[in-house]
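Using our numbering, the letters of the sequence shown map in sequence onto residues 138 to 414.
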Amino acid sequence: MTDSDVNATPAGTTQHMAKIFCVANQKGGVGKTTTTVNLAAGLAKVGQRVLMIDLDPQGNATMGSGVDKRKLALTVYDVLLESASIAEARVQSEKLISAGCGYDILGANRELAGAEVELVEVERRERRLKAAIAAVETEYDFVLIDCPPSLSMLTLNGLCCAHGVIVPMQCEYFALEGLTDLVNTIKQVKANLNDDLQIIGLLRVMFDPRITLQQQVSEQLKGHFGDKVFDTVIPRNVRLAEAPSYGVPGVVFDIQSRGAQAFIAFAQEMVARIATM
Ligand code: ATP
Ligand code: MG
138 MTDSDVNATP AGTTQHMAKI FCVANQKGGV GKTTTTVNLA AGLAKVGQRV
188 LMIDLDPQGN ATMGSGVDKR KLALTVYDVL LESASIAEAR VQSEKLISAG
238 CGYDILGANR ELAGAEVELV EVERRERRLK AAIAAVETEY DFVLIDCPPS
288 LSMLTLNGLC CAHGVIVPMQ CEYFALEGLT DLVNTIKQVK ANLNDDLQII
338 GLLRVMFDPR ITLQQQVSEQ LKGHFGDKVF DTVIPRNVRL AEAPSYGVPG
388 VVFDIQSRGA QAFIAFAQEM VARIATM
């Protein structure tokens with residue numbers, strides 16, 4: 138059997154493979170988790186099959202998807218240590234399904250913090266997640282990975298399996314400087330571990346158009362990164378901030394809110410982007 142046989146169905150058509158995206162920024166509290174869960178919900182809403190992977194020991198994306206991280210029997214930790222497959226460890230959330238925004242969840246909790254140390258000793262340690270995703274890749278259109286606020290072994294595992302990185306950022310004074318480390322890390326991973334990797338786009342989040350500085354930084358970003366800046370802008374919107382305390386993404390909590398509508402628009406932009414990838 139050749140490589141091309143693996144990806145081909147008997148009819149000769151290419152079998153569908155998920156596009157895999159990391160949501161990453163080593164800066165804390167910039168909106169990674171909010172982006173991951175709302176994009177996942179938005180994509181599900183527009184008919185895409187989505188797997189959301191929480192790669193942060195804080196487990197915020199897990200909780201924010203309506204799954205209690207303390208009650209999980211299996212998590213992404215077990216997958217990284219190869220004691221469970223994604224098919225065994227993924228769960229669903231009734232709250233999301235009943236809102237018509239159901240996506241699969243590979244959850245995380247504090248246990249994942251230990252993986253950092255345990256993975257140091259093992260072979261192919263950066264490629265564990267990639268291997269696990271390969272087994273379920275045909276079941277999804279999108280795999281979204283919520284990364285922790287660091288450039289750690291966990292983030293590296295995410296970057297190793299991704300086709301692209303979505304970088305949420307606030308339009309603040311030091312926004313561009315903060316990107317340098319991330320851009321360099323992505324370059325290194327691309328050179329050494331994952332030739333596919335690219336920044337698919339910068340997403341302006343928590344945007345307030347009344348603040349002149351934010352408009353200026355937004356223009357600067359477009360000047361530097363051109364069409365790598367997504368057209369969609371996510372406004373600062375209190376409904377997005379309230380949603381996690383109800384254990385749902387903003388898109389589920391209040392679909393009419395400006396924040397939710399922006400994430401639906403972003404989901405549509407992502408669907409259009411992958412069509413050209
Ligand atoms: P960490 O680095 O800790 O993982 P993060 O980058 O995942 O953080 P979030 O948890 O998504 O960031 O967001 C940080 C805070 O900002 C949260 O309280 C969240 O509810 C709030 N927030 C995020 N996006 C928006 C928005 N567009 N409007 C209002 N509040 C927002
Ligand atoms: Mg987070």
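Yeah, the Cβ is synthetic: ideal placement off N, Cα and C, and Gly gets one too.
Give the straight-line distance between the Cα atoms of residue i and residue j, rounded to the nearest whole angstrom.
i      : j      : result
GLY203 : THR173 : 14 Å
GLU188 : ALA177 : One detail in the question is off: residue 188 reads as Leu in this sequence, not Glu. Those two C-alpha atoms are separated by around 8 Å.
ALA380 : THR170 : 12 Å
MET138 : VAL273 : Confidence at MET138 is low in this model, with a pLDDT of 41, below 50, so the placement of that residue is unreliable and no value is reported for it.
GLY295 : LEU266 : 7 Å
HIS153 : VAL280 : 13 Å
GLY396 : MET343 : 9 Å
GLY363 : VAL228 : 38 Å
ASN144 : ALA224 : Low confidence applies to ASN144: its pLDDT is 44, below 50, so where it sits in the model is not reliable, and the reading given next is rough at best. Cα to Cα, ASN144 sits roughly 20 Å from ALA224.
ALA312 : LEU330 : 27 Å
THR321 : ILE337 : Here residue 321 is Asn; the residue named in the question, Thr, does not match the sequence. ASN321 and ILE337: Cα-Cα distance of roughly 15 Å.
LEU217 : GLN195 : 16 Å
GLU406 : GLU260 : 38 Å
VAL167 : ALA221 : 31 Å
GLY149 : PHE158 : Residue confidence for GLY149 is low, a pLDDT of 48 falling below 50, so the modelled location carries little weight and cannot support an answer.
ILE282 : CYS297 : 11 Å
ILE323 : ARG264 : 15 Å
PRO346 : ASP368 : 15 Å
Report, in whole angstroms, the separation of the C-beta atoms of residue i and residue j, which I expect to be a contact under 8 Å.
i      : j      : result
TYR277 : ALA155 : 4 Å
ALA399 : LEU180 : Wrong, their Cβ atoms sit about 14 Å apart, outside the cutoff.
VAL213 : LEU233 : With a Cβ gap of about 18 Å, VAL213 and LEU233 do not count as contacting.
VAL389 : CYS238 : 5 Å
PRO286 : GLY165 : 4 Å
VAL326 : LEU319 : The pair is not a contact, with the Cβ atoms about 11 Å apart (cut-off 8 Å).
LEU339 : VAL385 : At roughly 26 Å, the Cβ-Cβ gap does not stay under 8 Å, so LEU339 and VAL385 are not in contact.
VAL366 : LEU377 : About 20 Å separates the two Cβ atoms, so there is no contact after all.
LYS182 : ILE348 : LYS182 to ILE348, Cβ: 30 Å. No contact.
MET200 : HIS300 : No, MET200 and HIS300 are not in contact; Cβ-Cβ is about 27 Å, not under 8 Å.
Residue i by DSSP, collapsed to three states: which one?
i      : result
GLY387 : helix
LYS414 : For the record, residue 414 in the displayed sequence is Met; it is not Lys. MET414 falls in the coil class under three-state DSSP.
THR212 : coil
ARG395 : helix
LEU339 : strand
ILE270 : helix
LEU233 : helix
VAL257 : helix
ASP140 : Only weak support is given to the placement of ASP140: the predicted model assigns it a pLDDT of 46, under 50, and the question is left unresolved by the model.
PHE362 : helix
PRO381 : helix
VAL375 : helix
ILE223 : helix
LEU243 : strand
Mind checking who residue i pairs with in its DSSP beta bridge?
i      : result
ILE157 : VAL280
VAL320 : Its beta-bridge partners do not exist; DSSP assigns none.
PHE415 : Past the boundaries of the shown model lies residue 415; the chain is included only from 138 to 414, so the question cannot be answered.
PRO305 : LEU340
ASP193 : Partner(s): none; ASP193 has no beta bridge.
Is any heavy atom in ligand 4 found nearer than 8 Å to the beta carbon of residue i?
i      : result
VAL375 : With respect to ligand 4, the structure shown offers nothing to examine, as its ligands consist of ligand 1 and ligand 2.
Establish whether the CB of residue i and some CB of chain B are separated by less than 9 Å.
i      : result
LEU350 : Within the model displayed, chain B is absent; a lone protein chain is all it includes.
query = Is it a yes or a no for the stretch 249-258 touching the stretch 290-299, going by three-plus beta-carbon pairs under 8 Å?
reply = yes
request  = May I ask you to verify whether the stretch 342-361 touches the stretch 301-321, counting CB pairs closer than 8 Å and requiring at least 3?
outcome  = yes
query = Can at least three beta-carbon pairs, one atom from the stretch 206-223 and one from the stretch 237-256, be found at a separation below 8 Å?
reply = yes
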